[in-house]
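Under the working numbering, the first residue of the sequence shown is numbered 2, with each subsequent residue one higher. Note that CB positions come from ideal geometry on N, CA and C, so glycine has one too. Predicted model, so just to flag it, every value in this text is computed and none were measured.
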Amino acid sequence: MDGDRQQMKQQILFSSDLDDPAAWAAAVAALRPEIEVVDWRNVTDPASVPFALLWKPPAAGLAAFTGLKGIQSLGAGINQLNLAELPAGVPLARLIDDSLTETMTDYAVAAVYRHYRGFDHFERQTRARLWDYRPARRKGDFPIGVMGLGVLGGAIARQLRDLGFPVSGWSRGPHRIDGVRCHAGTGELPDFLAASRLVVNVLALTPATAGILNAGTFALMPAESFVVNIGRGGHLIEDDLIAAIDAGRIAGATLDVFSTEPLPVEHPIYSRPEILATPHVAGAIAPETAARTVIENFDRALRGDPLLNAVDTARGY
Ligand code: NDP
Ligand code: OXD
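This is the structure:
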């Protein structure tokens with residue numbers, strides 16, 4: 002009996018240096034006890050595993066997993082996976098869950114308020130033992146630009162709008178969001194930037210958006226603007242940000258993602274008082290809620306149906 006039950010178990014390959022395999026195994030088993038989430042180090046018959054849940058591929062690669070029918074990213078983004086290393090023809094999905102949208106929105110709002118209410122400035126004044134009275138800004142004078150109006154950017158733009166900020170958004174194709182000025186395409190980027198005192202970047206990282214936060218971008222923003230990057234480190238040219246701060250174009254930044262993670266100890270960002278660095282913590286997916294989507298995609302992959310939130314690999318996101 003136990004042997005039969007064991008044979009009926011289906012496996013999901015798990016690989017992440019950040020997420021807890023036990024938490025995912027428990028969340029999946031709570032909904033579907035016959036599905037086992039197995040850390041890549043414990044897989045004994047890789048060819049029999051039909052589905053993978055990956056932040057990054059296993060250190061030993063995926064070559065032995067010849068029976069994969071679907072891959073689920075453990076994040077909304079997929080760049081950490083390096084598409085070129087994934088088995089050709091196996092569908093890939095990003096993970097979308099309310100837990101991620103909520104934590105990303107909370108982070109964006111906290112970072113916006115940090116700059117809007119001058120907490121960044123007052124933190125530095127405190128350390129310098131300075132009593133520097135500054136009147137509060139008004140929201141009407143602090144327009145926010147959200148780069149990326151997808152699942153996360155759209156939620157962030159709506160939340161900031163509801164809090165009373167003037168909000169613009171920028172994306173590849175056109176969007177309509179009540180109360181948000183939506184811009185699309187490279188032609189509309191300069192107007193979007195010129196109207197943004199603070200940009201929150203939550204674009205997908207593709208060859209077209211890599212390095213988009215650069216000296217040219219900063220030059221188009223109003224003087225003494227702010228940058229919040231919660232997309233990917235590859236969106237930001239870090240040296241250009243530091244130069245723009247030195248030149249007074251950019252007054253401060255809150256960064257969650259970096260060109261190299263962990264950010265190397267000798268990196269100049271650590272010694273810049275104008276920059277707050279957080280260790281890629283803006284979004285957090287709760288296995289208890291997101292397991293539903295993982296199981297749905299597991300079933301779809303086994304049936305050969307299109308995955309939920311499938312990545313368009315030609316488009317790159
Ligand atoms: P979506 O795919 O829903 O949205 C991506 C957005 O990027 C879309 O609005 C898309 O435009 C826009 N975009 C893509 N290419 C271009 C381009 N060339 N020009 C202008 N806009 C472009 O993704 P999500 O909102 O779910 O996630 C966004 C990113 O956030 C992820 O890719 C990931 O890198 C990052 N992330 C970071 C986390 C963290 O902890 N720091 C956590 C979760 C996600 P259009 O709408 O027209 O297609
Ligand atoms: C994601 C992330 O892409 O956490 O979800 O960065």
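key: Complete runs of the alpha helix (DSSP H) confined to the stretch 180-220 [at least 4 residues]   = Counting whole runs of 4 or more residues, the stretch 180-220 contains the alpha helix (DSSP H) stretches 190-195.
ask   = Which whole runs of the beta strand (DSSP E) in the stretch 7-57 are 3 residues long or more, in chain order?
value = Every beta strand (DSSP E) of 3 residues or more that sits fully in the stretch 7-57 is shown, in chain order, as 11-16, 36-40, 52-55.
task = Over the uninterrupted beta strand (DSSP E) stretch that includes Leu87, give me the two end residues.
result = Per DSSP, Leu87 lies in no beta strand (DSSP E) segment and is marked neither H nor E.
task = May I ask you to check if the CB of Gly78 is nearer than 7 Å to at least one heavy atom of the ligand NDP?
result = It does: the Cβ of Gly78 is within 7 Å (strictly closer) of some heavy atom of the ligand NDP.
task = Identify which residue in Gln81, Ile97, Arg159, Asp98 has its Cα closest to the Cα of Ser17.
result = Distance check between Ser17 and each of Gln81, Ile97, Arg159, Asp98 places Gln81 closest, using alpha-carbon atoms only.
query = Are the beta-carbon atoms of Met105 and Leu164 separated by less than 8 Å?
reply = When the beta-carbon positions are compared, Met105 and Leu164 stay at least 8 Å from each other.
ask   = Beta carbon of Leu101: closer than 7 Å to some heavy atom of the ligand NDP?
value = Checking the Cβ of Leu101 against the ligand NDP gives yes.
key: Beta-carbon proximity list for Arg177, same chain, < 6 Å, skipping 5 on both sides   = Within the same chain, Arg177 has no close Cβ partners at all.
query = Helix, strand or coil: how does DSSP classify Ser172 here?
reply = Strand.
ask   = Do Gln73 and Ala53 have their C-beta atoms closer together than 8 Å?
value = Their beta carbons are under 8 Å apart, which means Gln73 touches Ala53 by this criterion.
query = So, do the stretch 181-198 and the stretch 95-110 have three or more beta carbon pairs nearer to each other than 8 Å?
reply = No contact exists between the stretch 181-198 and the stretch 95-110.
ask   = Cα-Cα, which of Asp20, Arg33, Asp21, Arg130 is closest to Gln12?
value = Cα-wise, what sits closest to Gln12 is Arg33.
task = Spatial neighbours of Arg173 within its chain, please: CB distance less than 6 Å, with the 5 preceding and 5 following residues excluded, ordered by chain position.
result = No residues qualify anywhere along the chain.
inquiry  = Can you give me the C-alpha to C-alpha distance between Pro280 and Ala205, rounded to a whole angstrom?
reply    = In this structure, the alpha-carbon of Pro280 lies about 19 Å from that of Ala205.
message = Quick test of the definition: if touching needs 3 or more C-beta pairs under 8 Å, does the stretch 205-225 touch the stretch 238-254?
response = Yes: at least three Cβ pairs fall under 8 Å.
key: Inter-residue Cα distance where the pair is Asp5 and Ala156   = Because Asp5 sits at a pLDDT of 48, beneath the cut-off of 50, its placement in the model cannot be relied upon, and the point is left open.
ask   = Is Leu308 closer than 8 Å to Ala94 when the C-beta atoms are compared?
value = One thing to note: Ala94 has its Cβ within 8 Å of the Cβ of Leu308.
ask   = Where does Thr261 sit, in a helix, a strand or coil, going by DSSP?
value = In the structure shown, Thr261 sits in coil (DSSP, three-state: anything other than H, G, I, E or B).
key: At least 3 beta-carbon pairs within less than 8 Å: the stretch 134-144 vs the stretch 252-272   = Taking a cut-off of 8 Å for Cβ pairs, the stretch 134-144 and the stretch 252-272 do not touch, as fewer than three such pairs fall below it.
key: Member of Leu194, Ala291, Gly180, Ala85 whose CA lies at the smallest distance from the CA of Gln160   = The residue from Leu194, Ala291, Gly180, Ala85 with its alpha-carbon nearest to that of Gln160 is Gly180.
ask   = Which term fits Gly62, buried or exposed, when burial requires 16 or more other beta carbons within 10 angstroms of its beta carbon?
value = Gly62 is exposed by the Cβ-count criterion.
task = Have a look at Leu55 and Gln126 and give me their C-alpha separation to the nearest angstrom.
result = For Leu55 and Gln126, the distance between alpha carbons rounds to 43 Å.
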